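Sequences listed follow chains Z and Y, in order.
Mapping the first sequence onto my numbering, position 83 (from 1) lands on 205, and the numbers just tick up by one.
Mapping the second sequence onto my numbering, position 24 (from 1) lands on 1445, and the numbers just tick up by one.
All C-beta atoms in this analysis are idealised placements derived from N, C-alpha and C, irrespective of residue type, glycine included.
Predicted model only: the values in this text are computed from it and were never measured.
Each remark here refers to the structure printed beneath this line.
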Amino acid sequence: MGQSTPIGSNTILIVEGEALVRFDILAFFEERGWRVFEAEDADQATAVLDRRADIRVVLIDATISGRVDGLKLAHYVRERFPPTLLFVVSGGAPVPQEALPQRATFLPKPFDLHRVLRQIEESPVTS
Amino acid sequence: MPASTALLNRLRDVAVARPRAKPIRFVIAALAVAVVAALQAAIFGSSAPWFLYTPAVVLLTLFLGRGPGVVATILSAIGAALILARGDEPLRLTPAQWGASAIFLVTTFGLVALIEALRTALLDADPLREERERALRAAAEREAFLSGVLTSSTDCIKVLDLDGRLTFMSEGGQRVMELSDFNAVAACPWPDFWQGAGNAEAVAALDAARQGTASSFIGQADTFLGTPKWWHVAVSPIAGPDGRPARILSVSRDITDLRASEEERDRFVQLAEKSTDFVGMAHPDGRVFYMNDAARDLVGLTGADVTEQAIADFFPPEQVERIAREVLPAVQRDGHWAGELTFRHFNTGELIPVLYSVFPLTDATGALVGYGTVTRDFRERRRAEDAMRLMNGELAHRLKNVLAVVQSIAQQTLRTAADTRTASHDLSARLVALGAATDLLTGNSWRSADLRAVATRALAPHAEIGKRILLDGPTVTLKPEVTVAFALALHELATNAAKYGALSNDLGTVTLNWSVEGEGDDATLLICWRETGGPPVALPERKGFGTVLIERSLRSYFRGCVETHYRSDGLVFEMEARLGDAAVDG
C-alpha cells in the first residue's frame, strides 16, 4: 500500500460462490481501499473482466458451480489477461501445480487474506 | 472201543506190525512143528496123530504168513505120518492112513488159505481205518472252521428257502441283528424285515436269485431290538444237486457307520457346493479339477469344463508371475496364503477384485495332492471402500468450507463490532446458530433440511417457539446450500428483534410465515418475518452487519428478492424466491 501504484491498479475480482465467504473478502479489500468486483460464477466473472480492463488481481474459487468451473476460468483469465495476478482457492482436494495456469497461486480454504494481500503487494506491478 | 476190537488190534500188532525176516519165520515154523510133534507123540501117541497140528498151523499162518503156514502143514503131515508108522518102516501106512493124511493136508491148506485171507484183511483194514479217521478229522476241522467263520463274521449270513423264508441265520448275524433266539424268526418271510424302498428291493433280489442271478442293494431295517440300521445286502442263489437254485443266500452288512460318515462327507460337499464364495481345487501342477457354482458364475465358466483351466488362467498376466513367485511357495512354506488379487472374467475380461485365500490339499500321508481356495468376491467391498474414500473427501471438503464460512463470519463480526466484548458475544451466538444448522444437515447426510426444523433450531435460543415466535407454513425441504445462510439470517433477525423489536419487551410476538405459490418450475417460495407488539420502529441510521448479512446473503443464496420494511407497528422482512432454487423436490 505504501508504494506508488497507477490508478486502477488496486482492483480485484472475487469469484466465489459461497456468499458468506465472498462478503468477507469483499469487505477486507474494500477496507483497504481496493476496488472490488464480485462474481458468483464464471459467467458473471467474464462479464466483469470484459467490462473492466484494469483488474489487477483475480481470486477464483475452483469449485464454483456453473458451465465453467473455477480452474477453467483461471486458465481463461491467464490467456486473456496475461499480467493478472491469479489466486485459485478451494475447499476440495488441492489443485496440483501442473493443473494451474502459470504464475497462479493455489490456496486451500480457509486461507489467510493478510497473506494474500502481502503477496499482492510484493508482486511487481505490470500495468 | 469194544474188547474184541482191542484184542484184534493187539493180534494185528503182534502179527502184522512187526514182521520178522523170512528165514527166521521158517525156522520158527519148523521148530514149532517139532515141538508140537513131540507133544503129540508124548500125549496122544498114535490115537489122534493130527490133533495138535491143526491149531499150530493156524497160529503159525496167522502170525508168520502163508509160507511158514504151508511149510508147517507139510511138516505136520510128515510128523503125523511118522507117528502112525512104525519106527522101522516109516512109509508103511495103511491106505486109510494115506487117505486121512491127504484129507489133513487138503483141509489144513484150506485153513492156511483162509487164515492168510484173514491176515490180509487185517493188514488192509488198518490203512482204511486210518484214512477214514483222517477224513472224519478233516471233516470235523472243516466244520469247525466254517462254523467259526459263520460265528465270527459280523455280517448277517442267512439262508432262505425258495419262498424267501428264513431257514438259517449265522451266530454273528444273530448278534448284529440283536436276536437272541433264531426260532423266533425261523420260517418268517425275509422281505418283511425291510422298510420302505428296501422291501421292494428285497423282493426283487429274491426273484433274481430264484432265476439264478446274484444281486445286491442298500436298504434300511431295524434290528430285533428296534435299532435302525442301514445294510448292504448281497443275495445269491445256492445251487442244489441238479444245479438249479435250491436255496438262497443273503449276506447283510451293517453300513450304518459308513453311511453316517458318508452323510457327514456329503454335508461337507454341500458346504462347498452351496457356498456363495468361490471354492475351487487344483492339482499340484495347477490344473483345476473342481469349482463350485459360485466360482463358475463369478468368472464366467458356468457350464464349462473347468478341467481345461489352470490356476494361472484366472489371473491377468501381471499377477500370474506373482502367483508362481510368491503365493504358491508361501502356501507350501506356511500352509496358507491370503491377500487381495484380481481375477479376470473368462468372457468379458472384466477384472474382478477378490480376497484370495489358498491352502495345500494333502493326502493321508501329508503329501501335497493339490491346492484349495476359498475366494471372496471383493467388488462390493472395493465399491464400499471407494464410496468411503469419496465420502471422506466430501467430508473434508465440507469441513473446509464450513471453516471458511466460520472464518468469514468471525472476520466480519470482529470488523463491525464496537468492542471485543460485543464481538465475543455476537460471534458465539452466530456460531451457535451455524452449529444448529450444520447439525440438521449432518443429521440428513448433508442432503437437505426441513425449513421448520431449521427455523426452530435457529430461533429457539431467542424466545419460546409457539408463544413469542409463531411458525406457520407447509413442509418445505431446503437445499443444503441455502440452509446455513437461512439459519444465520433468522438468527440475525431474532437478535435484532430482541435488541430493538418485538422481542425486546414482554408483549411483542414474531410470526414467521412461509408458503408456496404456483406449481412446477414456476413455484415460488414466500417467506415473511413479521414483528408485532414491539416498541415503535424507526429507520436505522446505519444498517448493522446482521442486517446486511441477512439481505445480501439471502439474496445471493436464494437468488430471490429480499425486502425489509421498517413499519412503525413492527418490522416486516419478506423474501421471494424460486422454490427450485431454495428447496429440493420442487
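Item	Value
Return the bridge partner residues of Y:Thr1794 from the DSSP annotation.	Y:Gly1701, Y:Val1779
State the start and end residues of the unbroken alpha helix (DSSP H) segment that holds Y:Trp1519.	1516-1573
Mind listing the chain Y neighbours of Z:Ala230? Cutoff is C-beta to C-beta under 8 angstroms, in chain order.	It should be pointed out that residue 230 of chain Z corresponds to Pro in this sequence rather than to Ala. Ordered by position in chain Y, the residues that pass the 8 angstroms Cβ test against Z:Pro230 are Lys1821.
I want to verify the contact list: residues of chain Y whose CB lies under 9 angstroms from the CB of Z:Gly188, in sequence order.	Near Z:Gly188 there are no residues of chain Y at all, since even the closest Cβ is about 13 angstroms away, more than 9 angstroms.
Please classify Z:Ile129: does DSSP put it in a helix, a strand, or coil?	Residue confidence for Z:Ile129 is low, a pLDDT of 45 falling below 50, so the modelled location carries little weight; the figure read from the coordinates is stated next. Coil.
For chain Z, is any of its Cβ atoms less than 8 angstroms away from the one on Y:Val1993?	no
Could you tell me the distance, in whole angstroms, from the CA atom of Y:Asn1926 to the CA atom of Y:Glu1952?	12 angstroms
Looking at the structure shown, is Y:Gly1640 part of a helix, part of a strand, or coil, going by DSSP?	strand
If I follow the unbroken beta strand (DSSP E) through Y:Ile1890, where does it start and stop?	1890-1893
What are the start and end residues of the beta strand (DSSP E) that includes Y:Lys1579?	1577-1581
Would you say Y:Val2009 faces chain Z, with C-beta separation under 8 angstroms as the test?	Here chain Y covers residues 1422 to 2007 and nothing more, so residue 2009 of chain Y does not appear.
CB-CB under 7 angstroms to Y:Ala1923, same chain, minus the five flanking residues each way: which ones, in chain order?	Gly1929, Thr1930, Val1931, Glu1952, Thr1953, Gly1954, Gly1955, Gly1991
Name the chain Y residues that come within less than 7 angstroms of Z:Ala149, Cβ to Cβ?	Gln1833, Arg1836
Per DSSP, what kind of secondary structure is Y:Tyr1474 in: helix, strand or coil?	helix
In the DSSP assignment, the beta strand (DSSP E) including Y:His1766 goes from what residue to what residue?	From DSSP, Y:His1766 is part of no beta strand (DSSP E); its letter is neither H nor E.
Hey, does Y:His1883 have any beta-carbon neighbour from chain Z nearer than 8 angstroms?	no
Got a sec: which bits of the region 164-198 of chain Z sit with their beta carbon under 7 angstroms from any beta carbon on chain Y, in order along the chain?	none
With 8 angstroms as the limit, tell me which residues of the region 134-160 of chain Z have their beta carbon closer than that to any beta carbon of chain Y; keep them in chain order.	Glu140, Ala141, Leu142, Val143, Arg144, Phe145, Asp146, Ile147, Ala149, Phe150, Glu153
For Z:Trp156 versus Z:Ile134, is the C-beta distance shorter than 8 angstroms?	yes
Alpha carbons only, please: which of Z:Arg174, Z:Val179, Z:Asp165 is nearest the one belonging to Z:Leu148?	Z:Val179
Taking Cβ to Cβ, would you say Y:Asp1784 is nearer than 8 angstroms to Y:Val1775?	no
Taking Cβ positions only, does Y:Gly2001 come closer than 8 angstroms to chain Z?	no
Does DSSP classify Y:Ser1649 as helix, strand or coil?	Looking at the sequence shown, residue 1649 of chain Y is not Ser but Pro. If DSSP states are grouped into helix, strand and coil, Y:Pro1649 belongs with the strands.
Does the region 1520-1539 of chain Y come close enough to the region 1474-1488 of chain Y that 3 or more CB-CB pairs lie under 8 angstroms?	yes
In whole angstroms, what separates the C-alpha of Y:Gly1664 from that of Y:Glu1729?	54 angstroms
In angstroms with no decimal places, state the Cα-to-Cα distance between Y:Ala1910 and Y:Gly1967.	8 angstroms
Please list the segments of the alpha helix (DSSP H) lying wholly inside the region 1965-1989 of chain Y, counting only runs of 4 or more residues, in order along the chain.	1966-1979
Could you tell me the alpha carbon to alpha carbon distance between Y:Gly1939 and Y:Thr1945, rounded to whole angstroms?	6 angstroms
Taking Cβ-Cβ distances shorter than 9 angstroms, what residues in chain Y pair up with Z:Val215?	Reading off the sequence shown, one finds Ala at residue 215 of chain Z, where the question assumed Val. Within 9 angstroms Cβ-Cβ: Gly1814, Ala1817, His1818.
Do you know offhand how far Z:Ile242's Cα is from Z:Pro216's?	21 angstroms
Going by beta carbon distance, what residues of the same chain come within less than 6 angstroms of Y:Ala1884, once the five residues before and after it are set aside?	Ile1890, Leu1924
Go through the region 1674-1741 of chain Y residue by residue and report every complete run of the beta strand (DSSP E) that reaches 3 residues or more, in order.	1699-1703, 1709-1712
Could you give the distance in angstroms between the alpha-carbon of Y:Arg1596 and the alpha-carbon of Y:Cys1577?	8 angstroms
Kindly say whether Y:Ala1858, judged by its beta-carbon, lies nearer than 8 angstroms to any beta-carbon of chain Z.	no
Measuring only between beta-carbons, confirm whether Y:Ala1906 sits less than 8 angstroms from chain C.	In summary, chain C is missing from the structure at hand, where the protein chains are Z and Y.
Which first and last residues belong to the alpha helix (DSSP H) in which Y:Asp1927 is found?	Run containing Y:Asp1927: none; DSSP gives neither H nor E here.
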